[in-house]
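This report refers to the structure that appears directly beneath it.
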Amino acid sequence: MCGIVAYVGNREAYPLILKGLKRLEYRGYDSSGIALLENGELNIYKKRGKVSDLESELNGKQLPATIGIGHTRWATHGEPNDVNAHPHYSNNRRLAIIHNGIIENYAAIKQNLIGKGHKFLSDTDTEVLVHFIEDVQQETGATLETAVRLALKEVVGAYAIAVISLDHPGQLIAARKGSPLVIGVGEDEYFLASDATPIVEYTKDVVYLDDYEVAVINEGKLSIQNLDSTETIPYIQKLEMELETIEKGGYDHFMIKEIFEQPRSIADSMRGRLRADDAHLQLGGLNDYLDKLAQSDRVVIVGCGTSWHAGLVAEYMFEELARINVEVEYASEFRYRNPVIKENDIVIAISQSGETADTLAAIELAKSKGATIFGVCNVVGSSIARATHAGAYTHAGPEIGVASTKAFTAQVTVLTLMAIAVAKRKGTISEETYRQLLIELETIPSKVDKVFENAAKIKEIAFIFTYARNFIYLGRGFNFPVALEGALKLKEISYIHAEGYPAAEMKHGPIALIDEDMPVVFLATKDSSYEKIVSNIQEVKARKGRVIAIVTEGDTLIPGMVDFVIEVPNTHEILTPLVSVIPLQLLSYYIAVMRGRNVDQPRNLAKSVTVE
18 MCGIVAYVGN REAYPLILKG LKRLEYRGYD SSGIALLENG ELNIYKKRGK VSDLESELNG
78 KQLPATIGIG HTRWATHGEP NDVNAHPHYS NNRRLAIIHN GIIENYAAIK QNLIGKGHKF
138 LSDTDTEVLV HFIEDVQQET GATLETAVRL ALKEVVGAYA IAVISLDHPG QLIAARKGSP
198 LVIGVGEDEY FLASDATPIV EYTKDVVYLD DYEVAVINEG KLSIQNLDST ETIPYIQKLE
258 MELETIEKGG YDHFMIKEIF EQPRSIADSM RGRLRADDAH LQLGGLNDYL DKLAQSDRVV
318 IVGCGTSWHA GLVAEYMFEE LARINVEVEY ASEFRYRNPV IKENDIVIAI SQSGETADTL
378 AAIELAKSKG ATIFGVCNVV GSSIARATHA GAYTHAGPEI GVASTKAFTA QVTVLTLMAI
438 AVAKRKGTIS EETYRQLLIE LETIPSKVDK VFENAAKIKE IAFIFTYARN FIYLGRGFNF
498 PVALEGALKL KEISYIHAEG YPAAEMKHGP IALIDEDMPV VFLATKDSSY EKIVSNIQEV
558 KARKGRVIAI VTEGDTLIPG MVDFVIEVPN THEILTPLVS VIPLQLLSYY IAVMRGRNVD
618 QPRNLAKSVT VE
């Protein structure tokens, strides 16, 4: 969850680290801090609140340093305050550490260290880790590098850490297990971060650390070893990310920028994979496994949050087109029960970041039972991409806003391509249907663009409901997961309570909530459930509910029944979620902005959930 960034080289470290923290702030924004080795001193500066609060605190200070580490925090152990903010000193204040993750056995280690006279200032597990590294070094007489490895062998949990030492002013040590860490390689300089966004401005050459690896940067050289001291050769990859993709580009918020990027991100997710004119569909990452997927009796999809909703859409698609039994599981629950997984099962793991801790744990559990694992994620080189047997990147580009928007539609796009490819291989759809779906898919970016023509109208509707306290979202079939996603978006960024339901379930309980103060959003596009949705709308209107309906362009029936209408282009039923979700994203965004919320950094949330 937290963001870590570090630098060692010939430039001033503070400006680079500060800019990096701003780019990583979507990973956590409870507090932030920086440690610098300057003029023979190891100094830590940290502050509760946003990175801008730390910047204001340090404004005007001379901070001469060419090595430093920085951290922006999403609180786990200890409340957000100045003391619990990272970095943390060791007991003798000669070491400083930053950490993303959770050390599960920190309490036992802490009690042992207290018995040795260590004094702790914070409530964090991270401070315990740096004290432990110091203790190992003192007890064994080992080098700092060895002490880090020995300490990490004893800890239980997840970590991405960076350590600097007053005794080794040119040395930076980093390690990871279960939390992401990437090293940027420049000319006589190195950058370290939780992801590539703070690095891309300075170098395109990066090394992604693997679990249990320790990187040591010393005197301008990089070496990598595992915890057993076996050296590995750093594998340098080229970043495809461009700097402009992580800037706001004139928009007020990253979220609205990313909403409006969806025609491009959907097209990018299909580029090179689909050509409707010659009926070409190929997912290179799945070529070797397509037959196994087609022959599978069951597909299990795991994900969290928005990715889980994309999985629900995929369930409808795979069952409709490929006639394969599909189960969609919350990754966070899947790993804590004893699921029945067989060797012929296919598990599809969905994650925007590719680092979601619960989803990674679900992958490892399924692999241990012999299943074949496919990954659908957005970040090249991420942990899930490396942990799976095969998969497909969504190519949505960096998503900085904490509430996922373009990640959802990119995931649905890739999952749709997978479902169609499997159905074609199995022969469960006709050649005519196959070609029709490919043609329809190519039109989706332009149809999403057309939805944006209604942005001003959606903004007007949002103003009317700015002060609502509750919302209900209802949909059927392919639009039921969209109802869930719409409710989640509103909850995440506006803090209005919202629930999504299958429309037919309304009369089995939720209808008790309907009155003249209850806004009800219906996904009411023309599809096989249209007549049923019309009946559901009438049931709500009979109880004086205020209805916002997402309808197909040209619909003349529903507009006469409801209070507000938002039109979307006519779309093949299977592909409807790609267009019907757009008005819900905009509605949530405008309501949140009008309520004065920080839509890019909603309270208590972080973008990449790398802790349990």
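Residue numbers for the sequence shown, in my numbering: 18 to 629.
By construction, the Cβ of each residue, glycine as well, lies at the ideal position given by its N, Cα and C atoms.
| Query | Result |
| --- | --- |
| Rounded C-beta distance between I401 and A366? I'm assuming under 8 Å. | 6 Å |
| Helix, strand or coil, according to DSSP, for Y451 in the structure here? | helix |
| Cβ of I234 within 8 Å of Cβ of V223? | no |
| By DSSP, does N129 sit in helix, in strand, or in coil? | helix |
| If we ignore side chains and look at the alpha-carbon of each, how far apart do S349 and H326 end up? | 14 Å |
| Anyone know if the C-beta pair for S545 and E590 falls short of 8 Å? | yes |
| Once the 5 residues before and after M611 are set aside, which same chain residues still bring their CB inside 7 Å of it? | A479, F480, T483 |
| Within its chain, find whatever has a CB closer than 7 Å to the CB of G26; leave out the 5 residues flanking it on each side and keep chain order. | T83, G203, D205, E206, Y207 |
| How would you label V596, buried or exposed, when you count the other beta carbons within 10 angstroms and need 16 or more for buried? | buried |
| Check this for me: beta carbons of G302 and A440, under 8 Å apart or not? | no |
| Helix, strand or coil, according to DSSP, for A175 in the structure here? | strand |
| So what does R281 bridge to, in DSSP terms? | In the DSSP output, where bridge partners are listed per residue, R281 has none listed. |
| Between the region 414 to 423 and the region 443 to 454, are three or more C-beta pairs nearer than 8 Å? | no |
| Indicate whether I190 and V199 have their beta-carbon atoms separated by less than 8 Å. | no |
| Could you say which of E522, A520, M523, L501 lies nearest to H11 if we only look at CA atoms? | Given that the chain is displayed from residue 18 to residue 629, the structure contains no residue 11 and the question cannot be resolved. |
| Are T89 and Y62 close, meaning C-beta to C-beta below 8 Å? | no |
| So which of M523, K524, V568, F488 has the shortest CA-CA distance to M535? | F488 |
| Apply the 10 Å Cβ neighbour rule to Y606 and answer buried if 16 or more other Cβ atoms are within range, or exposed otherwise. | buried |
| If I measure Cβ to Cβ from T323 and keep anything under 7 Å in the same chain, skipping five residues before and after, which residues do I get? | S421, A424, F425, E502, L505 |
| Could you tell me which uninterrupted beta strand (DSSP E) segments, each at least 3 residues in length, are contained entirely in the region 501 to 579, listed from first to last along the chain? | 514 to 519, 536 to 540, 563 to 569 |
| Around the C-beta of G577, are 16 or more other C-beta atoms found within 10 angstroms, so that it is buried, or is it exposed? | exposed |
| For S211, count neighbouring Cβ atoms within 10 angstroms of its own Cβ and tell me buried if that reaches 16, exposed if not. | buried |
| Since G492 contacts A520 with CB under 8 Å, what's their CB separation in whole angstroms? | 6 Å |
| Beta carbon of K194, beta carbon of A175: below 8 Å? | yes |
| Whole-angstrom Cβ separation of S637 and I608, contact assumed at under 8 Å? | The structure shown does not extend to residue 637, since the chain is modelled only from 18 to 629, so the question has no answer here. |
| Check this for me: beta carbons of D617 and Y268, under 8 Å apart or not? | no |
| Do the region 427 to 440 and the region 273 to 289 touch if we need at least three Cβ pairs shorter than 8 Å? | yes |
| According to DSSP, is H105 part of a helix, a strand, or is it coil? | strand |
| In whole angstroms, what is the alpha-carbon distance linking N117 and Y333? | 37 Å |
| I need the DSSP call for G187, collapsed to helix, strand or coil. | strand |
| Could you check which residue in V100, I34, Q154, N101 has the C-alpha nearest to that of V68? | I34 |
| With a floor of 4 residues, list each alpha helix (DSSP H) that falls wholly inside the region 193 to 225, ordered by position along the chain. | none |
| Give me the Cβ distance between V4 and T542, rounded to the nearest whole Å; I'm assuming they're in contact under 8 Å. | One cannot answer for residue 4 here, as it falls past the ends of the chain, which runs 18 to 629. |
| Output needed for A159: all residues of its chain with C-beta closer than 8 Å, excluding positions within five of it in sequence on either side, in chain order. | V153, L167 |
| Using the three-state DSSP reduction, which class does E121 fall into: helix, strand or coil? | coil |
| So Y306 is in the alpha helix (DSSP H); what residue range does that whole segment cover? | Where Y306 is concerned, there is no enclosing alpha helix (DSSP H), given that its DSSP letter is neither H nor E. |
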